[in-house]
Amino acid sequence: MSGSLVGLFYAYLGYPLLIAVLARVFGRDESPVAAARRQDLPEVTVLIAAHNAANYLTERIENILACDYPPERLNILVASDGSTDQTGRVVSEFNDSRIKVISFKTRRGKAATLIDAVGSVASPVVIFTDATTRFDKHSVRRLARHFADRHVGLVAGKVTMIDEHGSASESLYWKLENKIRACEARLGITLGASGAIYAISRSMFVAPSRPTINDDMVLPMLVRMTHPCRLVFDPTAQAYSSSTGGIRAEFSRRQRIGLGAMQCLAVLRGLLRWKNRGQAAAFVSHKLLRWAGPFLLIAAFVSNLCLATTPIYQTLVVLQVLAYVAAGYGVVASGRSLAARLARAATSFVVMNAAIGVGICRWLAGHDTVIWNPTQRPSWSHIPATSEMVPTTEKRAA
Numbered sequence: 001m002s003g004s005l006v007g008l009f010y011a012y013l014g015y016p017l018l019i020a021v022l023a024r025v026f027g028r029d030e031s032p033v034a035a036a037r038r039q040d041l042p043e044v045t046v047l048i049a050a051h052n053a054a055n056y057l058t059e060r061i062e063n064i065l066a067c068d069y070p071p072e073r074l075n076i077l078v079a080s081d082g083s084t085d086q087t088g089r090v091v092s093e094f095n096d097s098r099i100k101v102i103s104f105k106t107r108r109g110k111a112a113t114l115i116d117a118v119g120s121v122a123s124p125v126v127i128f129t130d131a132t133t134r135f136d137k138h139s140v141r142r143l144a145r146h147f148a149d150r151h152v153g154l155v156a157g158k159v160t161m162i163d164e165h166g167s168a169s170e171s172l173y174w175k176l177e178n179k180i181r182a183c184e185a186r187l188g189i190t191l192g193a194s195g196a197i198y199a200i201s202r203s204m205f206v207a208p209s210r211p212t213i214n215d216d217m218v219l220p221m222l223v224r225m226t227h228p229c230r231l232v233f234d235p236t237a238q239a240y241s242s243s244t245g246g247i248r249a250e251f252s253r254r255q256r257i258g259l260g261a262m263q264c265l266a267v268l269r270g271l272l273r274w275k276n277r278g279q280a281a282a283f284v285s286h287k288l289l290r291w292a293g294p295f296l297l298i299a300a301f302v303s304n305l306c307l308a309t310t311p312i313y314q315t316l317v318v319l320q321v322l323a324y325v326a327a328g329y330g331v332v333a334s335g336r337s338l339a340a341r342l343a344r345a346a347t348s349f350v351v352m353n354a355a356i357g358v359g360i361c362r363w364l365a366g367h368d369t370v371i372w373n374p375t376q377r378p379s380w381s382h383i384p385a386t387s388e389m390v391p392t393t394e395k396r397a398a
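Residue 1 is where the sequence shown starts when you use my numbering, and the numbers rise one by one after that.
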């Protein structure tokens, strides 16, 4: 039991504290990048992998076109993964030479779609994003400016979750995750990025040995494992994502992460090399232990029941049961009281671990699919824009 609890404590509390201390002592301070001159900004291609995204693409493309970036150096490529709706037609209706669509007839999954699409990109920088995301008006410029340093291989931006009122609605978990990513970036051991906003130097892009669901972790890590380059986390390069709208959608998303976790282990076996020891240690601490979390929770509870013959273990059983009761209450809890917020945090923790556990079990049962069903999110037309988000009603750039 003690081993399970130590593993959980280290994964969710110990490692965040450790990486924060290491980043403060040994981390590289990212000095602010000067505002790049217009003539120094590289040509970029914003790449969107889409499956049946016709309802989102008009607003999404308008959002990108309205960003503060030289229009002659901004391209958009939509890679349609076996879409059966009007995805291709929506893109073609823009009638703009900077906007292209590649329609793959067979649905093969997001990673395979992205890999093939990158092969047709000629610009020196590729920016990866989603059909349902919105960019801050400065985000493309703030990502691209870092590539003036030829040693930079990847730049990851920050994602802010937005509720139906246009206000930030980040969970404690997501806030902590952004802090950890920033610390890892300062130490040069970045583990993935958010699929909503990151950029890779085209010359450093590495196709994985096999497609995986977790492409936004595998693709960035392969850049660092293959090239002696720098990875940058720029929190001023902002993207916004609307809330998924419920536990069921979050469970489905986390289940995909759990299944993809097993897929990526074979792809990332290069982490075992000595030169990648720092990234390997971070991978075990930040990812692997969390993926083992569902089984550590089960082991802790079962072993606790077996040992519940003394008061201390009986007390621990009661505390664990109360924690799961609180998670159940969090499903219906509302309001901003401390009790309601703690209950919702417990719900999020239990749902996350249960979903990852189900995903891993599905992989163990032979369900090794890379086909992804994009998370359905509410339309941005009903969500007020923040002060920095490009409004969806912005006119198309010429």
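For glycine and all other residues, C-beta sits at the position ideal for the given N, C-alpha and C.
Inter-residue CB distance, residue 263 and residue 139 (contact presumed, cutoff 8 Å): As a working note, residue 263 is residue 263 in the sequence shown. As a working note, residue 139 is residue 139 in the sequence shown. 29 Å between Cβ atoms; not a contact.
From 23, 314, 91, residue whose alpha carbon lies closest to that of residue 51: The residue labelled residue 51 in the question sits at position 51 within the sequence shown. Ranking 23, 314, 91 by Cα distance to residue 51 puts 91 first.
Exposure label - residue 398; buried when at least 16 CB within 10 Å: Here residue 398 refers to the residue found at position 398 of the sequence shown. With a pLDDT of 38 at residue 398, under the threshold of 50, the modelled position of this residue cannot be trusted; read the value that follows with caution. It counts as exposed.
Contact between the region 208 to 225 and the region 139 to 149 (3+ Cβ pairs under 8 Å): no
Classification of residue 200 by the beta-carbon crowding that lies within 10 angstroms, buried from 16 upward: Residue mapping note: residue 200 aligns to position 200 of the sequence shown, counting from 1. The residue in question, residue 200, is buried, as its Cβ has 16 or more Cβ neighbours within 10 Å.
Start-end ranges of the alpha helix (DSSP H) lying completely within the region 190 to 271, minimum 4 residues: 215 to 226, 247 to 267
Separation of residue 11 from residue 185, as counted between CA atoms: On the sequence shown, position 185 is the one that residue 185 refers to. On the sequence shown, position 11 is the one that residue 11 refers to. Cα to Cα, the separation comes out at about 18 Å.
Test item: CB-CB of residue 79 and residue 102 under 7 Å: For the purposes of this step, residue 79 is identified with residue 79 of the sequence shown, where counting begins at 1. For the purposes of this step, residue 102 is identified with residue 102 of the sequence shown, where counting begins at 1. Taking 7 Å as the Cβ cut-off, residue 79 and residue 102 qualify as a contacting pair.
CA-to-CA distance, residue 131 to residue 53, given in whole angstroms: Start at 1 with the first residue of the sequence shown, and residue 53 comes out as number 53. Start at 1 with the first residue of the sequence shown, and residue 131 comes out as number 131. Approximately 7 Å between the Cα atoms of the pair.
Segment contact flag, the region 309 to 319 with the region 285 to 295, C-beta cutoff 8 Å, min 3 pairs: no
Residue 109 beta carbon less than 7 Å from that of residue 211: Along the sequence shown, read from residue 1 onward, the residue named residue 211 stands at position 211. Along the sequence shown, read from residue 1 onward, the residue named residue 109 stands at position 109. Yes, the Cβ-Cβ distance between residue 211 and residue 109 is below 7 Å.
Cβ shell of residue 240 (< 6 Å), same chain only, five flanking positions each side left out: The residue you call residue 240 lines up with position 240 of the sequence shown. For residue 240, where only same-chain residues beyond five positions count, the Cβ hits under 6 Å are 134, 160, 162, 389.
Straight-line Cα distance separating residue 194 from residue 55: Taking the first residue of the sequence shown as 1, we reach residue 55 at position 55. Taking the first residue of the sequence shown as 1, we reach residue 194 at position 194. About 22 Å.
Ordered list of beta strand (DSSP E) runs contained in the region 136 to 186, each at least 3 residues: 152 to 162
6 Å Cβ shell around residue 258 - same chain, five flanking residues per side excluded: By one-based count along the sequence shown, residue 258 stands at place 258. Excluding positions up to five away in sequence, the list reads 356, 359, 360.
First through last residue of the alpha helix (DSSP H) which encompasses residue 403: A question about residue 403 goes unanswered here, because the residues of the chain that appear run from 1 up to 398.
Length of the line joining the Cα atoms of residue 387 and residue 242: Counting from 1 along the sequence shown, the entry for residue 387 is found at position 387. Counting from 1 along the sequence shown, the entry for residue 242 is found at position 242. Unreliable placement is indicated for residue 387, whose pLDDT of 49 sits below 50; the coordinate value is still reported in the next sentence. Answer to the nearest angstrom: the Cα atoms are 16 Å apart.
Close beta carbons around residue 9, own chain, < 7 Å, minus the five adjacent residues each side: Translated into positions along the sequence shown, residue 9 becomes position 9. There are no such residues.
Helix, strand or coil at residue 80 according to DSSP, with G and I counted as helix: Taking the first residue of the sequence shown as 1, we reach residue 80 at position 80. In the structure shown, residue 80 sits in a strand (DSSP, three-state: E or B).
Integer Cβ distance of residue 113 from residue 196, believed to fall under 8 Å: Indexing the sequence shown from 1 puts residue 113 at position 113. Indexing the sequence shown from 1 puts residue 196 at position 196. Contact doesn't hold; Cβ gap of about 16 Å is too wide.
Residues near residue 347 by beta carbon distance below 6 Å, same chain, minus five either side: What you label residue 347 is simply residue 347 of the sequence shown in a count that begins at 1. Cβ within range, chain order: 327, 330, 331.
Secondary structure of residue 275, DSSP reduced to three states: Taking the sequence shown and counting its residues from 1, the one referred to as residue 275 is at position 275. Three-state result, residue 275: helix.
Inter-residue Cα distance where the pair is residue 205 and residue 57: Translated into the one-based positions of the sequence shown, residue 205 becomes position 205. Translated into the one-based positions of the sequence shown, residue 57 becomes position 57. Computed Cα separation, rounded: 25 Å.
Contact under 7 Å by Cβ, residue 183 with residue 48: Your numbering for residue 183 matches position 183 in the sequence shown. Your numbering for residue 48 matches position 48 in the sequence shown. No, these two residues do not count as a Cβ contact at 7 Å.
Span of the beta strand (DSSP E), counted from its first residue to its last, around residue 47: For the purposes of this step, residue 47 is identified with residue 47 of the sequence shown, where counting begins at 1. Run containing residue 47: 44 to 50, per the beta strand (DSSP E) assignment.
Residue 102 - DSSP class collapsed to helix/strand/coil: On the sequence shown, position 102 is the one that residue 102 refers to. In this structure, residue 102 counts as strand in the three-state DSSP scheme.
Reference residue 400; option with closest CA among 349, 61, 74, 95: Absent from the model: residue 400. The displayed extent of the chain is 1 to 398, so no value can be given.
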